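Here is the structure we will look at, set down as structure tokens.
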Amino acid sequence: MMLLADLHVHTKWSDGKLSIGEVVDLFGRTGHDVIAITDHVVNSDNLIGKVTHRFGLTVTAANFAEYRDEIERESRRAWDRYGMLVLAGAELTQNRFRRNNSAHALVLGIDEFVSAEGTVEEMLTRARAQAPVVVACHPHEQSEFFANTFYLWNRRDEVRDLIHLWELATRWDLFPPVARARLPFVANSDFHDRPHIDAWKTLLPCAKNARDVVATLQRGAGLAVTRLAPQRFDDLVASPARFPALATA
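Mapping the sequence shown onto our numbering, position 246 (from 1) lands on 246, and the numbers just tick up by one.
Structure follows, in structure tokens:
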């Protein structure tokens, strides 16, 4: 059994456009089996981070319990209504003015706050100790400002033991250098708004329960990637109250 998964999803808790409930309905009605809510947790020790905190575009230690509780409530509704698993996560975010110094990493299956402070290596060491799964985000993306997060890619040999998986594809982009490196991989949408549902996804060869999903991600073996077909997406955006299931390609 292959589960359709998207493990990189943002909501209004950071810079996404939809609430967690709206995200659950969108992904549930489009046939997803597993999603992870991964709002930004941003460092506060540089100018970009301070501005991000000032505008409230990050989950913090102070509001993490509320964030986690809302994910838990919506995960129960997602399972009851759609048979969809929802994992709690975050995107640890360090943005610098130079792309070679920026790094983003997903932490999946978390129950406690994971800080993005310190050096990137300190952040990853903390993540690996606290989170069941750590994923390098868009490690070779070159299309958007601040999405150019090359720090992890440029040091992939040094940080390899701190990362379970690398995003081989994010949203609509594939990263051939990541594929050629033969690193354990996933593909995700980096979802922020409805049009991003039409994106690259991960197929997981496991039973639909949180324990097996996490174990499969930790092993990083037997995973595949796919992309949702866009043919019917215009109708989906125009009429968000009715979401026909999209095919995979």
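Ideal Cβ positions, reconstructed from N, Cα and C, are used throughout, including at glycine. Remember, predicted model here, so these are calculated numbers, not experimental data.
Residue range M2 to V9 is occupied by the beta strand (DSSP E) that includes L7. Under the 10 Å beta carbon count, V134 is surrounded by 16 or more other beta carbons and is classified as buried. The residue from N95, A199 and R128 with its alpha-carbon nearest to that of L165 is R128.
Note on geometry: alpha-carbon atoms of A229 and S102 lie some 32 Å from one another. Cβ neighbours of A78 within its own chain (closer than 7 Å, five residues either side excluded): V24, G28, M84 and V86. Here A136 is actually not in contact with V114; their C-beta atoms are around 15 Å apart, not less than 8 Å. With fewer than 16 other Cβ atoms inside 10 Å of its own Cβ, G222 counts as exposed. For K50, the uninterrupted alpha helix (DSSP H) segment begins and ends at L47 to R54. Listed in chain order, the non-local C-beta contacts of D190 below 6 Å within the same chain comprise H8, T170 and R171, local neighbours out to five positions each way being set aside. Boundaries of the alpha helix (DSSP H) harbouring F64: F64 to Y82, taken from the DSSP string. DSSP places G89 inside the beta strand (DSSP E), whose first and last residues are L85 to Q94.
A Cβ-Cβ separation of about 7 Å places G109 in contact with G89 under the 8 Å criterion.
Here DSSP, grouped into helix, strand and coil, assigns E112 to coil.
Apart from sequence neighbours up to five positions away, the residues of its chain that approach E70 with a beta-carbon distance below 6 Å are I20, ordered along the chain. Around the C-beta of P139, 16 or more other C-beta atoms lie within 10 Å, and the residue is accordingly described as buried.
For P184, the three-state secondary structure derived from DSSP is coil. DSSP places L168 in the strand class (E or B) of the three-state scheme. Boundaries of the alpha helix (DSSP H) harbouring L152: Y151 to N154, taken from the DSSP string.
Contact between the stretch 52-68 and the stretch 178-192 is absent: fewer than three C-beta pairs spanning the two stretches fall below 8 Å. Inclusion of T202 and V186 in the CB contact set at 8 Å is warranted, their separation being smaller than that value. The beta-carbon distance between N188 and E167, rounded to whole angstroms, is 6 Å. This is short enough to meet the 8 Å contact definition. In this structure M1 is exposed. Its beta-carbon is surrounded by fewer than 16 other beta-carbon atoms within 10 angstroms.
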